[in-house]
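J.: Below: one structure in structure tokens.
Protein chains in written order, with our numbering: chain A, 103 to 311; chain B, 73 to 137.
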């Protein structure tokens with residue numbers, strides 16, 4: 103059979119299509135540098151970058167800002183690199199790159215023993231005149247806050263909120279269990295809420311008059 | 073009565089799937105009396121709009137979230 107059946111190209115995107123997507127091809131070099139540094143192996147790095155770019159290709163058009171697209175693609179790449187490291191039994195490095203530090207986190211600092219907000223963690227109103235929301239600086243801060251999330255959390259959060267995939271599709275794509283997915287999305291939202299409060303919406307409320 | 077930890081978890085879940093009637097009622101009762109959790113739910117929604125890069129204009133009758 104000399105011809106590739108058309109249904110195959112639907113499940114596995116055509117690699118040459120990457121060349122047509124300027125936003126993604128611009129990310130190729132920085133991704134390769136990052137992956138090579140983590141893996142210490144140029145050809146394995148190439149594989150991870152290729153996989154991550156292909157994985158991102160179909161959904162790239164959903165990202166309105168290049169910076170959020172970059173965050174998304176790098177979150178996928180960090181997961182691919184972690185998979186490659188685990189194959190080589192380099193588990194500690196794999197955990198470091200997807201940031202396993204949140205494993206034991208349960209937001210115990212936010213809530214008291216009875217499960218209620220502390221006085222100083224009680225969420226404050228966000229002052230949101232329209233002008234504030236349209237600021238380009240806010241867009242940058244949103245992206246920085248997403249980048250601070252563990253890779254897995256960032257990936258599923260963006261799948262859900264930007265790509266607007268339903269949870270069944272995300273479970274299939276990631277292999278997570280339902281309860282793990284719920285935890286990832288909850289932690290991502292709580293972290294982002296905290297990050298945006300500190301960095302933007304409630305910034306300087308106590309220090310300025 | 074559910075606590076704030078459980079209420080915030082359910083508000084996150086509610087953005088991804090349909091909650092049971094019991095969960096929705098429990099959540100409604102909790103947010104009636106808890107401003108922190110009410111704000112958290114509203115801020116979850118705004119965060120979604122922000123990452124999609126298209127925040128909706130806020131209703132005129134609610135200046136703050």
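Glycine included, each C-beta is placed from N, C-alpha and C at the ideal position.
The alpha helix (DSSP H) that contains residue 259/A, what's its start and end?
T.: Residue 259/A -> alpha helix (DSSP H) spans 253-263.
J.: Is there a C-beta anywhere in chain A that falls below 7 Å from the one on residue 105/B?
T.: Closer than 7 Å: no.
J.: Among the candidates 194/A, 258/A, 266/A, whose CA atom is the shortest distance from the CA of residue 279/A?
T.: Of the listed residues, the one whose Cα sits closest to residue 279/A is 258/A.
J.: Going by DSSP in three states, residue 107/B sits in which element: helix, strand or coil?
T.: Three-state DSSP puts residue 107/B in a helix.
J.: Can you confirm whether residue 97/B, when its beta carbon is compared against all beta carbons of chain A, has any partner nearer than 7 Å?
T.: With 7 Å as the cut-off, residue 97/B does not count as an interface residue toward chain A.
J.: Shorter than 7 Å from the beta carbon of residue 94/B to some beta carbon of chain A?
T.: No - not a single Cβ of chain A is within 7 Å of the one on residue 94/B.
J.: Should residue 84/B be labelled buried (16 or more other beta-carbon atoms within 10 Å of its own) or exposed?
T.: Buried is the call here.
J.: Hey, quick one: how far does the alpha helix (DSSP H) through residue 174/A stretch, first residue to last?
T.: Start and end: 168-189.
J.: Against residue 262/A, what residues of chain B qualify as contacts under a CB-to-CB distance less than 9 Å, listed in chain order?
T.: What residue 262/A touches in chain B: 87, 88, 120.
J.: Classify residue 92/B: buried if its beta carbon has 16 or more other beta carbons within 10 angstroms, exposed otherwise.
T.: With fewer than 16 Cβ atoms within 10 Å of its Cβ, residue 92/B is classed as exposed.
J.: Are there three or more Cβ pairs, one per stretch, closer than 8 Å when the stretch 293-305 of chain A is compared with the stretch 216-230 of chain A?
T.: A contact exists between the stretch 293-305 of chain A and the stretch 216-230 of chain A.
J.: Using the DSSP secondary-structure output, state which residues sit across from residue 213/A in a beta bridge.
T.: Beta-bridge pairing links residue 213/A to 219/A.
J.: Given residue 151/A, which residues of its chain have a CB within under 7 Å of its CB, disregarding the five upstream and five downstream residues?
T.: So the list reads 130, 133, 134, 137, 179, once near-sequence residues are dropped.
J.: I want to verify the contact list: residues of chain A whose CB lies under 7 Å from the CB of residue 49/B, in sequence order.
T.: Nothing in the structure corresponds to residue 49/B, since chain B is present only between 73 and 137.
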